[in-house]
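So the sequence lines, in the order shown, correspond to chains A and B.
Just so you know, the first sequence maps onto residues 1 to 115 in the numbering used here.
Just so you know, the second sequence maps onto residues 116 to 226 in the numbering used here.
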Amino acid sequence: GAGVSQTPSNKVTEKGKYVELRCDPISGHTALYWYRQSLGQGPEFLIYFQGTGAADDSGLPNDRFFAVRPEGSVSTLKIQRTERGDSAVYLCASSLGGAGANVLTFGAGSRLTVL
Amino acid sequence: DAKTTQPTSMDCAEGRAANLPCNHSTISGNEYVYWYRQIHSQGPQYIIHGLKNNETNEMASLIITEDRKSSTLILPHATLRDTAVYYCIVRDRGSQGNLIFGKGTKLSVKP
């Protein structure tokens, strides 16, 4: 597609449930990033993929959060045993990767509400 | 921690130039300056980036001081649709990793 697509756009779940958020990057973009954004704050980095592998997962807050990108394209962010504090907008971005300037293109985000 | 300092908020009259400052006094010679903006309920949108020369594109101009310790994003004729949070970010040119966002500047364009 022309842009980064994220689904679902909105997800409401109950505390303790499992959630999956999907990201379809721009075709040909080798790098993929997940961020989350709480109200009034800037986006907070979670994890970055180069191809199929997680090149940097230092932003994942704890072991309830996990992300995969098995074929180097679509990525899924998985959250186990959700807590109310996980409520946020989860943003995905992709880029061409490679040397030099690296411009990220973001999706519209998935808004997660944990009741 | 973010390596940049920006004012929390600014106002601009519609049709006038919006000048958004950013301090990055600890910037290194290999770091680019990037600007993104985020309109309400959307993902961040890339605007412009530069290393040491001034840059211009269809959206904005980026003026970087000679010592590279600060920069200014200029929207030459602001419209109501330019109301957004503007983020100034520095990042190593050789890095393939993530961008670190601060809180940005909330620009309000008023009629």
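All C-beta atoms, glycine included, are put in the ideal place defined by N, C-alpha and C.
Everything numeric in this text was worked out from a predicted model, so none of it was measured.
*Between K184/B and the rest of its own chain, which residues show a CB-CB distance below 6 Å, the 5 nearest in sequence each way excluded?*
In the second sequence, the residue the question calls residue 184/B occupies position 69. Answer for K184/B: S140, listed in chain order.
_Distance, K167/B Cα to T113/A Cα_ = Locating residue 113/A in the first sequence gives position 113, counting from the first residue. Locating residue 167/B in the second sequence gives position 52, counting from the first residue. Taking the straight line joining both Cα atoms gives about 42 Å.
*asked:* Measuring straight from C-alpha to C-alpha, what distance separates L135/B and T120/B?
replied: Counting from one through the second sequence, the residue named residue 135/B turns up at place 20. Counting from one through the second sequence, the residue named residue 120/B turns up at place 5. Between L135/B and T120/B, the C-alpha separation is close to 11 Å.
*Can you list, in chain order, the residues of its chain whose CB lies under 8 Å from that of H29/A, leaving out five sequence neighbours each side?*
Walking along the first sequence from the start, residue 29/A turns up at place 29. Once the five neighbours on either side are set aside, the close Cβ partners of H29/A are S94, S95, L96, G97 and T105.
_Can you check whether the C-beta of A105/A is within less than 8 Å of a C-beta belonging to chain B?_
Here residue 105/A corresponds to residue number 105 of the first sequence, with the count starting at 1. Note that residue 105/A is Thr in the sequence shown here, rather than Ala. Chain B contact via Cβ: present.
*Per DSSP, what kind of secondary structure is R81/A in: helix, strand or coil?*
Start at 1 with the first residue of the first sequence, and residue 81/A comes out as number 81. In this structure, R81/A counts as coil in the three-state DSSP scheme.
_Can you find the residues in the same chain that come closer than 6 Å, C-beta to C-beta, to Y147/B, ignoring five residues on each side of it along the sequence?_
Residue numbering aside, residue 147/B sits at position 32 when the second sequence is read from its first letter. So the qualifying residues of the chain are H164, L166, R206 and R208.
*Tell me where the beta strand (DSSP E) around V224/B begins and ends.*
Mapped onto the second sequence, residue 224/B falls at position 109. Per DSSP, V224/B belongs to the beta strand (DSSP E) from T220 to K225.
*I215/B touches chain A at which residues, Cβ-Cβ below 8 Å?*
Locating residue 215/B in the second sequence gives position 100, counting from the first residue. Near I215/B (Cβ distances below 8 Å), the residues of chain A are F45.
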